[in-house]
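Structure first, commentary second.
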Amino acid sequence: MARQLRWVAAEGRLPTVFGRPCPTYATAARWFRGRGPKDVQLRNSLRGLCTVAASVAVATSANAFVWTPDRYAPDVFTTAGSNITLGLRASGFQANRNASFSSSFYNYQGMATSTGFAGAETGSSVSIEMYVDDSWSNGTRAGFWTTMGNGNLTFPIIEYTKGTSTGGTVGASEFTGFRWWQSGIGWTQTNLSVATNAWYKMTIGLTASLVTFEITDAATSTSIFSATVGNLGAERIDNVILNGHNQGIAGEYDIQYRNLEVNAIPAPGALALLGVGGLLGGRRRR
0 MARQLRWVAA EGRLPTVFGR PCPTYATAAR WFRGRGPKDV QLRNSLRGLC TVAASVAVAT
60 SANAFVWTPD RYAPDVFTTA GSNITLGLRA SGFQANRNAS FSSSFYNYQG MATSTGFAGA
120 ETGSSVSIEM YVDDSWSNGT RAGFWTTMGN GNLTFPIIEY TKGTSTGGTV GASEFTGFRW
180 WQSGIGWTQT NLSVATNAWY KMTIGLTASL VTFEITDAAT STSIFSATVG NLGAERIDNV
240 ILNGHNQGIA GEYDIQYRNL EVNAIPAPGA LALLGVGGLL GGRRRR
């Protein structure tokens with residue numbers, strides 16, 4: 000099974016291969032002290048993996064991602080290390096926006112960044128932790144969106160709502176909790192009862208046929224929800240979007256995020272030598 004390359008939007012963390020930081024050439028040479036053909040192949044394979052990791056690890060902190068407005072720019076968007084704050088203010092309320100942006104479409108206000116994937120990347124995933132704040136008022140919607148495509152865009156989403164119906168209005172059938180969205184299906188509510196003033200990790204993944212959704216208690220690393228749906232032909236995760244809803248009924252509020260992660264499967268050629276991870280560990284112990 001292909002092992003994942005992983006990079007994290009957190010300061011001081013480098014691309015890793017098989018759970019270890021990518022080495023310099025000299026470090027790799029020390030790991031493989033032999034001079035036989037197999038040692039050379041293993042060392043070159045490891046260096047190839049790390050080259051892949053380095054080429055996609057364009058950000059070492061949330062500051063380094065290139066963020067652009069999605070639909071309508073939130074009034075507050077700040078990054079500090081691996082932490083992100085998205086803030087919604089009265090100037091962005093539906094009643095206060097100028098006529099060009101007065102439709103409900105612009106109630107969702109957020110910032111987007113590209114994953115950097117260019118070709119087919121089934122087997123990849125993206126995740127982020129979000130703080131569910133007890134101070135949020137009815138009408139709050141705080142979410143983690145993605146766009147996936149192969150020419151036809153789909154929009155898998157995980158969102159926390161407070162006092163919001165599946166249809167999106169405050170009123171009858173109000174719902175508080177996590178829900179998820181896939182194009183062609185719409186919103187599906189979870190039956191989770193989650194504590195507030197707590198961090199939750201939201202993960203959206205793509206396989207050859209499915210979109211996967213998972214929610215994890217960040218404090219315990221315990222998975223508390225998962226679901227899968229058809230991927231509608233998607234071949235890659237194009238963008239990550241952090242979004243809040245600013246119709247006005249929830250008042251002003253902030254959404255706290257941290258630890259944005261993008262996970263990709265390396266190209267088959269980089270993993271031509273099976274068992275590199277185990278052999279690496281074995282040679283380092285000798």
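What the sequence shown shows, in numbering that gives the first Met the number 0, is residues 0 to 285, in sequence order.
All C-beta atoms, glycine included, are put in the ideal place defined by N, C-alpha and C.
- The alpha-carbon of W186 is positioned some 28 Å away from that of N95.
- At the C-beta level, G142 and I127 stay beyond 8 Å of one another.
- In terms of Cα proximity to D69, the closest of R88, T114 and N106 is N106.
- Of the candidates M110, A249, Q93 and G162, M110 places its Cα closest to the Cα of T146.
- Sorting L259, W66, Q255 and G122 by C-alpha distance to the C-alpha of N196 places Q255 at the top.
- Only buried fits I214, as 16 or more other CB atoms lie within 10 angstroms of its CB.
- Residues T84 of the same chain have their beta carbon placed closer than 6 Å to that of T77, with the five preceding and five following residues left out of the count.
- Taken in chain order, the complete beta strand (DSSP E) segments of 3 residues or longer contained in the region 150-213 are 156-163, 174-181, 185-188 and 197-205.
- A111: member of the beta strand (DSSP E) spanning Y107 to S113, first to last residue.
- By the Cβ test, the region 199-209 is in contact with the region 223-233, since at least three Cβ pairs between them sit closer than 8 Å.
- At a Cβ-Cβ threshold of 8 Å, F154 and W179 do not count as neighbours.
- Counting along the chain, W135 sits inside no beta strand (DSSP E), nor does DSSP assign it H or E at all.
- Looking from the CA of E173, the closest CA among T221, G162 and G80 belongs to G162.
- C-alpha of G204 to C-alpha of V125: approximately 6 Å in a straight line.
- With respect to Y252, S136 sits close: the two C-beta atoms are nearer than 8 Å.
- When the five nearest sequence neighbours on each side are left out, the beta carbons in the same chain lying within less than 6 Å of the beta carbon of R257 are those of S81, N82 and E128, in order along the chain.
- In the three-state DSSP reduction, A217 falls in the coil class, being neither helix nor strand.
- Residue L191 holds the alpha-carbon nearest to the alpha-carbon of T175 among L191, G183, I184 and S182.
- Beyond the five residues adjoining it in sequence on each side, D74 comes within less than 7 Å, by CB distance, of G86, L87, R88, S90 and G91 in the same chain, given in chain order.
- The continuous beta strand (DSSP E) containing A263 extends over residues Y252 to A263.
- The alpha-carbon separation between Q93 and N262 amounts to approximately 36 Å.
- Within the model, the alpha-carbon separation for E234 versus S113 is close to 15 Å.
- Residue pairing of N245 in beta bridges, as defined by DSSP: absent, with no partner found.
- Within the region 61-110, the runs of beta strand (DSSP E) that reach at least 3 residues and sit entirely inside it are, in chain order, 67-69, 75-79 and 82-87.
- A direct Cα-to-Cα measurement between G232 and G250 gives close to 39 Å.
- Apart from the 5 residues on each side of it in sequence, W66 sits with its Cβ closer than 6 Å to the Cβ of M110 and T112 in its chain, given in chain order.
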